[in-house]
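**Student:**
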Amino acid sequence: MLALGLYFKVMDTFRFTFDGAQLAAVETSSNDLPVYCEAFDWVKRQMRQIMSGPCQGFFAGGPTPRDCARAVTEGFRRFAANRTSSSGD
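Under our numbering, read the sequence shown as residues 61 to 149, first letter to last.
Rendered as structure tokens:
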């Protein structure tokens, strides 16, 4: 959120349900602001190399979560800069 110029604490919640020792279900929730999804969609469209590079396979347990997080953060910075420069013109 800082890369978007926002001072907002994101709170993700994960709820795990077990059946004995077996993981039976996972539920998630988040308080992400709509601009987060807008920025992520923008990065996927405008900076496709991130999804095909450092984030390839990330959501399926890919090998480079640190590199992906850094690349997406840079993408968010660019999104915010583009949004700011577009809003005043």
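Don't be surprised by glycine CBs; every beta carbon is placed ideally from N, CA and C.
Fair warning: this is a prediction, and the values are worked out from it, not measured in the lab.
Helix, strand or coil for residue 88 per DSSP?
**Tutor:** strand
**Student:** For residue 200, count neighbouring Cβ atoms within 10 angstroms of its own Cβ and tell me buried if that reaches 16, exposed if not.
**Tutor:** No statement about residue 200 is possible, as the shown extent of the chain runs from 61 to 149 and does not include it.
**Student:** Which residue's Cα is closest to the Cα of residue 139: 74, 100, 73?
**Tutor:** For the options 74, 100, 73, the alpha carbon positioned closest to that of residue 139 is the one of 100.
**Student:** In terms of alpha-carbon separation, which member of 113, 143, 146 lies closest to residue 132?
**Tutor:** 113
**Student:** Skipping 5 residues on each side, what residues in its chain have a beta carbon closer than 6 Å to that of residue 73?
**Tutor:** 89
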